[in-house]
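One structure below.
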Amino acid sequence: MVNKLLNEFDFSVYVVLIFCSLALSVLGVFVVLKKVSMVIDAISHSVLLGIVLAFLIVKNLNSPFLIVGAALIGVLTVYLVELMGKNPRIKKDAAIGIVFTFFFAIAITIISVHIRNVHMDTDAVFLGNIELTNIKVLKKIIPILLINFGFIVLFYKELKIFIFDPTLAAILGFSALIINYLLMTLISITAVIAFDIVGSVMTIACIIGPATIALLLSKKLLNCIFLSLWFAFISSSLGYFLGIIFDLPISGMISVVILIIFLSVLFFEPQNGIIAKIIKNNLQKKYFMVIAFLMHLSNNEKHKRLNDLQQLQQDLQWSSFRYQKCLQKALNLGYVAIVKKQVVLKEEGKKALTKKTTAWNV
Numbered sequence: 001m002v003n004k005l006l007n008e009f010d011f012s013v014y015v016v017l018i019f020c021s022l023a024l025s026v027l028g029v030f031v032v033l034k035k036v037s038m039v040i041d042a043i044s045h046s047v048l049l050g051i052v053l054a055f056l057i058v059k060n061l062n063s064p065f066l067i068v069g070a071a072l073i074g075v076l077t078v079y080l081v082e083l084m085g086k087n088p089r090i091k092k093d094a095a096i097g098i099v100f101t102f103f104f105a106i107a108i109t110i111i112s113v114h115i116r117n118v119h120m121d122t123d124a125v126f127l128g129n130i131e132l133t134n135i136k137v138l139k140k141i142i143p144i145l146l147i148n149f150g151f152i153v154l155f156y157k158e159l160k161i162f163i164f165d166p167t168l169a170a171i172l173g174f175s176a177l178i179i180n181y182l183l184m185t186l187i188s189i190t191a192v193i194a195f196d197i198v199g200s201v202m203t204i205a206c207i208i209g210p211a212t213i214a215l216l217l218s219k220k221l222l223n224c225i226f227l228s229l230w231f232a233f234i235s236s237s238l239g240y241f242l243g244i245i246f247d248l249p250i251s252g253m254i255s256v257v258i259l260i261i262f263l264s265v266l267f268f269e270p271q272n273g274i275i276a277k278i279i280k281n282n283l284q285k286k287y288f289m290v291i292a293f294l295m296h297l298s299n300n301e302k303h304k305r306l307n308d309l310q311q312l313q314q315d316l317q318w319s320s321f322r323y324q325k326c327l328q329k330a331l332n333l334g335y336v337a338i339v340k341k342q343v344v345l346k347e348e349g350k351k352a353l354t355k356k357t358t359a360w361n362v
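Residues in the sequence shown are numbered consecutively from 1, following UniProt numbering.
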């Protein structure tokens, strides 16, 4: 396994992967916060129209103008989605569906009618040809990475206000519209360049996945950006190594690693993970049972009724297991005591009950 990894490891491919994932993930936090994640999927379909139109002009599948055409259609897709989304009667997801299906349908029609005999590798479109790439493609991805970083550094304060409070942005006097279109243009161009290098699967995964993981771990925007970059680096590295070891497509493997990390954080995150919430809910449920038990004891004492150990279970209509568990917890907390088969509410129990009922009444 180690020998295979050492023999097949290609430093240039690894570097391209890392830079590509960083360029995609740095803007991913804003995409997720704006709730326009599916715009990336729309771009991945609609850029086919740009490629087809550019090919009709240059008649060369290797021409760089195909990327230019794809980028222009990608930007146009974003603008049309934003324009249609402003209509209160059209939801953003509906606008995305209308635009990308329209562009994709036109592209398929043109291919069927005019360039039916031209071979287009659909596998390469979805999974990319990262294994066959070389260090020269860094000329494409490094500039866009630097531009993305520069945009965030220059407009960080404006982006923060625009994302969380567009109305305040307008009141403060800067155009949220300009910031929005600049952001979406950069996202579109970055996505199109990445499609050409690593395919649409990894592109979508690297924009949305690391950002979503980061937002599960932190509520601070700057922390989320750095965490997104970190998870993009980790998932790209692991995906590349696992792809070599198991002879699987690297782009697809990176997407799988991102999914595994996301699910791990979703379930096992100590504060807000699913398992942590289940444990907290169970603890709260048990504590509320104890409070309900104390309230019943207190009411009986007010009406001068005996809190008989056996009779209490019948009065509460709890199962034997539930009653014994609640009684044991109340005893462990020092809220009650058992005296001659009578359950006595202690001073600590009265204080806990008063504190809880006061909090509920506030």
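Don't be surprised by glycine CBs; every beta carbon is placed ideally from N, CA and C.
Proximity winner among the options, relative to residue i (alpha-carbon distances)
i      : options                           : result
Ile291 : Asp315, Trp318 and Cys326         : Cys326
Gly239 : Ser228, Met202, Leu263 and Ile135 : Met202
Ile187 : Glu8, Leu27, Leu353 and Ile18     : Leu27
Asn7   : Leu331, Lys219, Ile278 and Ile245 : Ile245
Met38  : Ser235, Gly97, Leu229 and Ile274  : Gly97
Val52  : Lys329, Lys340 and Ile73          : Ile73
Leu132 : Ile40, Val68, Phe102 and Val198   : Val198
Ile142 : Ser200, Leu17, Leu172 and Phe55   : Leu17
Leu146 : Ile110, Ile207 and Phe19          : Phe19
Val81  : Ile115, Ser251, Ser264 and Val36  : Val36
Phe30  : Lys91, Gln324, Thr357 and Ser228  : Ser228
Phe149 : Ser12, Ile110 and Phe226          : Phe226
Trp318 : Asn332, Lys304 and Met289         : Met289
Residue range of the unbroken beta strand (DSSP E) whose run includes residue i
i      : result
Val336 : Val336 to Val339
Val36  : Neither: Val36 is in no beta strand (DSSP E) and is coded neither H nor E.
Local Cβ density within 10 Å of residue i, reported as buried at 16 or more and exposed below that
i           : result
Gln342      : exposed
residue 365 : Coverage of the chain is limited to positions 1 through 362, which leaves residue 365 absent and any answer about it impossible.
Val99       : buried
Asp123      : The predicted model places Asp123 with a pLDDT of 47, which falls under 50 and marks its position as unreliable, so this point remains unresolved.
Phe267      : exposed
Asn117      : exposed
Val339      : exposed
Asp196      : buried
Extent of the continuous alpha helix (DSSP H) run through residue i
i      : result
Gln271 : Premise fails: Gln271 is in no alpha helix (DSSP H) and is neither H nor E.
Val113 : Lys92 to His114
Lys59  : Counting along the chain, Lys59 falls outside any alpha helix (DSSP H), and DSSP gives it neither H nor E.
Asn117 : Looking at the DSSP string, Asn117 is not in any alpha helix (DSSP H), and its letter there is neither H nor E.
Phe19  : Phe11 to Ser25
Leu172 : Pro166 to Leu172
Leu5   : Val2 to Glu8
Residue i - DSSP class collapsed to helix/strand/coil
i           : result
Asp315      : helix
Leu159      : helix
Leu177      : helix
Leu49       : helix
Leu327      : helix
Asp308      : strand
Ser188      : helix
Pro88       : coil
residue 425 : Absent from the structure is residue 425, since the part of the chain shown begins at 1 and ends at 362.
Asn134      : coil
Ser218      : coil
Asp196      : helix
Thr122      : Residue confidence for Thr122 is low, a pLDDT of 47 falling below 50, so the modelled location carries little weight and cannot support an answer.
Leu294      : helix
Pro143      : helix
Leu248      : coil
Bridge partner(s) assigned by DSSP for residue i
i      : result
Val343 : Ile338
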